[in-house]
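Residue numbers (this note's numbering): 192 to 544. We put the CB at the ideal spot given by N, CA and C, even for glycine. Take a look at the structure set out below.
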């Protein structure tokens, strides 16, 4: 089996964790699919009943007894079923060794990142850049969809913040490929949480629920001029300063959000590849509707080559999505991080120092 991925993380109070799991499962599990739940060596079930799974978790979730549930989920672009698992950890377990507290994993990365695609190339020569762009379009909706089905399956707001990454643990939000915040007014949490985690070398999953006021106090308590290293192209983007974070925390969230939206404009390389990518996607749509054996010819393309990967690492666009609930999602390809989006927005606002 390939490495698991991507990994989705979510934070909520321990008192709400079983409810959060109970809300996410109906949004994820294929109706009628076999569900496996394991809590320790003596507590495990195989059943088709969501109610039985949730009742088992409610009856036993405490102390060192965590919950691990696995089943099938339907991805939509294109529609296909894959295996997933959700782990839900108690606070006692998290204090000793933080894992979550809630984690959604796609069991096999090849189920999500397919190594090859059947593509109709359209007019002109083959384009690595266009193929890479198509591969991103084909997983973007699923990435956002899974994050929201996990973090916001209902209007309860139990999950305050969440994220997605290819890393094996919850890293600084600006180093993730996607984040979710239930309240746009706390958008700067991603930046403050990143600073505190990187500066203090602390596990994000342990401090993700810290109030924005407490995070502000911790940043403010750091020495003047303190910085944490970042991966960026410009000199300013290669580090994040205490002063920049404090300025961002003092900036109205609406201003931050607008700056992030403005910074999410695709770069020249992506815009150049986009027309051919759109043409390929339209041809694929025609193939999907045509009777078998008819429609435009298609070829199988390996989209995991270093050239494909490098193009996505350097040019995959960012998406800033305002949610009707008042929350916000920031997302890019799992090969990238959100830091370039943040650094560009902070630079435009004159907050980088």
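- DSSP places residue 510 inside the beta strand (DSSP E), whose first and last residues are 510-513.
- The alpha carbon of residue 538 has as its nearest neighbour, out of 347, 309, 437 and 427, the alpha carbon of 427.
- Within 10 angstroms of the beta-carbon of residue 239 lie fewer than 16 other beta-carbons, which makes it exposed.
- Short of 7 angstroms from the beta carbon of residue 367, and not among the five residues preceding or following it, lie these beta carbons of its own chain, in chain order: 354, 355, 356, 528 and 529.
- Taking the C-beta atoms as reference points, residue 508 is found nearer than 7 angstroms to residue 461.
- Going by C-alpha positions, residue 199 is about 14 angstroms away from residue 399.
- Here DSSP, grouped into helix, strand and coil, assigns residue 266 to strand.
- Taking the CA atoms as reference points, residue 339 sits about 13 angstroms from residue 331.
- Taking C-beta atoms under 8 angstroms as the contact rule, residue 436 and residue 383 qualify, at a distance of about 6 angstroms.
- Within the region 399-475, complete beta strand (DSSP E) segments of at least 3 residues are found at 418-420 and 430-432, given in chain order.
- Sorting 280, 290, 271 and 284 by C-alpha distance to the C-alpha of residue 301 places 271 at the top.
- Going by DSSP, residue 372 is part of the beta strand (DSSP E) stretching over 369-372.
- By the Cβ neighbour-count rule, residue 351 is buried, with 16 or more other Cβ atoms within 10 Å of its own.
- Residue state for residue 352 is assigned as strand, using DSSP reduced to three classes.
- Following the DSSP letters along the chain, one finds residue 235 in no alpha helix (DSSP H) but inside the beta strand (DSSP E) bounded by residues 234-238.
- When secondary structure is reduced to three states using DSSP, residue 304 falls in the coil class, being assigned neither helix nor strand.
- For residue 337, the enclosing alpha helix (DSSP H) stretches over residues 319-342.
- When only Cα atoms are considered, residue 236 and residue 294 end up about 20 angstroms apart.
- Assigned with DSSP and collapsed to three states, residue 278 falls in strand.
- Classified as exposed, residue 495 has fewer than 16 neighbouring CB atoms from the shown chains inside 10 Å of its CB.
- With respect to the 7 angstroms criterion, residue 375 and residue 520 are not classified as neighbours on the basis of their beta carbons.
- For residue 211, the enclosing alpha helix (DSSP H) starts and ends at 205-219.
- With respect to residue 403, residue 377 sits close: the two C-beta atoms are nearer than 7 angstroms.
- In the three-state scheme derived from DSSP, where H, G and I count as helix and E and B as strand, residue 226 is classed as strand.
- Only residues of its own chain outside the window of five on either side were considered, and among them 266, 267, 268 and 303 have a CB closer than 8 angstroms to the CB of residue 333, listed in chain order.
- Residue 439 has its alpha-carbon roughly 11 angstroms from the corresponding atom of residue 448.
- Within the DSSP bridge table, the entry for residue 261 names 227 and 276 as partners.
- Note that the C-beta distance between residue 421 and residue 431 is below 7 angstroms.
- The C-beta distance from residue 409 to residue 387 rounds to 5 angstroms, short enough to meet the 8 angstroms contact threshold.
- In this structure, DSSP gives residue 381 a helical state, which the three-state scheme calls helix.
- Separation of the CB atoms of residue 514 and residue 450 is rounded to 18 angstroms, and the pair is thereby denied contact status at 8 angstroms.
- Cβ neighbours of residue 504 within its own chain (closer than 7 angstroms, five residues either side excluded): 526 and 527.
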